[in-house]
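Peer 1:
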Amino acid sequence: MRHWLMKSEPNDFSIDNLAAMPNGTDHWDGVRNYQARNLMRDEMRVGDPVFFYHSNCEQPGIVGLMEVCREAYPDFTAFDPTAKHHDRKSRPENPSWLMVDVRYLRHLRRIITLEELKPYAAGPLADFLLLRKGNRLSVLPVTPEQWGFILALE
DNA sequence: GCCAACGTTGGC
DNA sequence: GCCAACGTTGGC
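According to the working numbering, the first sequence holds residues 252 to 405 in order.
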């Protein structure tokens, strides 16, 4: 089992939006980065735990927990000319982009902010991809040690 | 709104 | 294959 962190802009899709879905479940569409796509395709499995991270907002940070509940399948929003992340090069018979389904588990009792995590880049979170300068991956692996350390901050 | 750090595109 | 131009991400 692998652990993950997935980013979403709360103005676009927040953890509250996910929690409000039927069964707390939704597809995670809009990933348009090959490295992130390959991670979803090759590494993500049903039952993997995921941090829900709010990015590009007033208080960037980890806000809750979810789990993968369906493995990678074509991101149909890429086929839709009216969709925000439409990609005309992606065809249904040969999809460029994939997504997984995720299920809401719970909010953290408080937001574990990026600001709070940053100092640990000098210690327990030295290799945490989220804290790497210039990192823009929206789907990234978290080691069991990193996962445990971060959750213990809650 | 600014801008650093990317990733992608396309001319050559 | 190189690399400049461009677009995007995301913190601040």
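Glycine is no exception: its CB is placed at the ideal position from the N, C-alpha and C atoms.
Just tell me which of R383, T276 and Q286 has its CA closest to the CA of L365.
Peer 2: The residue labelled residue 365 in the question sits at position 114 within the first sequence. The residue with the shortest Cα to Cα distance from L365 is R383.
Peer 1: Comparing C-alpha positions only, which one of K369, H254 and L381 sits nearest to P300?
Peer 2: Working through the first sequence from its first residue, we reach residue 300 at position 49. Selected option, being the one with the closest Cα: H254.
Peer 1: Let me confirm a value: G315 is counted as buried when at least 16 other C-beta atoms fall within 10 Å, else exposed. Which label applies?
Peer 2: Here residue 315 is taken as the residue at index 64 of the first sequence, counted from 1. G315 should be labelled buried.
Peer 1: Considering L402, what are the terminal residues of the beta strand (DSSP E) in which it resides?
Peer 2: Residue mapping note: residue 402 aligns to position 151 of the first sequence, counting from 1. Run containing L402: none in the beta strand (DSSP E); it sits in the alpha helix (DSSP H), P395 to L404.
Peer 1: In whole angstroms, give me the CA-to-CA distance for R321 and Y371.
Peer 2: Here residue 321 refers to the residue found at position 70 of the first sequence. Here residue 371 refers to the residue found at position 120 of the first sequence. Cα-Cα distance, rounded: 33 Å.
Peer 1: Measuring straight from C-alpha to C-alpha, what distance separates D378 and L256?
Peer 2: Translated into positions along the first sequence, residue 378 becomes position 127. Translated into positions along the first sequence, residue 256 becomes position 5. Straight-line Cα distance between these residues: approximately 14 Å.
Peer 1: Select from T333, K335, A271 and L376 the residue whose C-alpha is nearest the C-alpha of R357.
Peer 2: Position 106 of the first sequence, counted from the first residue, corresponds to residue 357. If we check each option's Cα against that of R357, A271 comes out closest.
Peer 1: Taking just the CA atoms, how far does D280 sit from D293?
Peer 2: Position 42 of the first sequence holds residue 293. Position 29 of the first sequence holds residue 280. Rounded to the nearest angstrom, the two C-alpha atoms are 17 Å apart.
Peer 1: Starting from the Cα of H278, find the closest Cα among L290, R342 and L349 and give me that residue.
Peer 2: Taking the first residue of the first sequence as 1, we reach residue 278 at position 27. The shortest Cα separation from H278 among L290, R342 and L349 belongs to L349.
Peer 1: Quick one, which of R283, E318, N307 and G312 has its alpha-carbon nearest L269's?
Peer 2: Walking along the first sequence from the start, residue 269 turns up at place 18. Selected option, being the one with the closest Cα: E318.
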